[in-house]
Amino acid sequence: MSTQPLLQRTAQKRIALNVRVEPKVFFANERTFLSWLHFTVVLGGLAVGLLNFGDKVGKISAAMFSVIALGIMIYALFVYHWRASAIRKRGSGPYDDRLGPTLLCLALFIAIVTNFILRFTES
7 MSTQPLLQRT AQKRIALNVR VEPKVFFANE RTFLSWLHFT VVLGGLAVGL
57 LNFGDKVGKI SAAMFSVIAL GIMIYALFVY HWRASAIRKR GSGPYDDRLG
107 PTLLCLALFI AIVTNFILRF TES
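Going from the sequence shown to our numbering is simple: count from 1 and add 6.
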């Protein structure tokens, strides 16, 4: 019988393995991008409705909502490409973004408050 332990440890050797990225990760990124675009289409539709059937205040609000929708589209495209390249490079970093949705909510809040202020101060 041998006196060596049954399971021996290796001397700090690292074994390089190929990390396989599941296709569902790419699809989740694309699904998130399409969700952002869906929101911008709805916001753009609201802006077009205000532009066509609104008065002066409605046109100002339509311009604000259009600018916000366009900004969100550009932001969504940037984040999509950033995440796709990080996934392709097998980055281990966090893929979440806390700044974008916060700025979106703040911009929408400012646009809605401006709409109410203009509507109720209109003579």
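Glycine is no exception: its CB is placed at the ideal position from the N, C-alpha and C atoms.
If you compare the alpha carbons of 66, 61 and 76 with that of residue 45, the shortest gap goes to 76. The stretch 74 to 93 makes contact with the stretch 46 to 55; the number of CB pairs closer than 8 Å reaches 3 or more. CA-CA distance, residue 100 to residue 20, rounds to 24 Å. Put simply, of 94, 83 and 65 the residue whose alpha carbon is nearest the alpha carbon of residue 31 is 94. Here residue 124 really is in contact with residue 63; their C-beta atoms are around 4 Å apart, less than 8 Å.
Within the same chain, and ignoring the five residues on either side of residue 35 in sequence, the residues whose Cβ sits closer than 7 Å to its Cβ are 86, 89, 90 and 93. Counting of Cβ neighbours within 10 angstroms places residue 98 among the exposed residues, the total staying below 16.
Beyond the five residues adjoining it in sequence on each side, residue 71 comes within less than 8 Å, by CB distance, of 49, 50, 52, 53, 56 and 117 in the same chain, given in chain order. Within the stretch 43 to 100, the complete alpha helix (DSSP H) segments of 4 residues or longer fall at 62 to 94, listed in chain order.
Judged by their CB atoms, residue 60 and residue 81 are not nearer to each other than the 8 Å cut-off. Counting only residues of its own chain and dropping the five nearest sequence neighbours on each side, residue 121 has a CB closer than 6 Å to the CB of 67.
Sequence-distant partners of residue 42 (beyond 5 residues in either direction) whose C-beta falls short of 6 Å from its own C-beta, in its chain, are 82.
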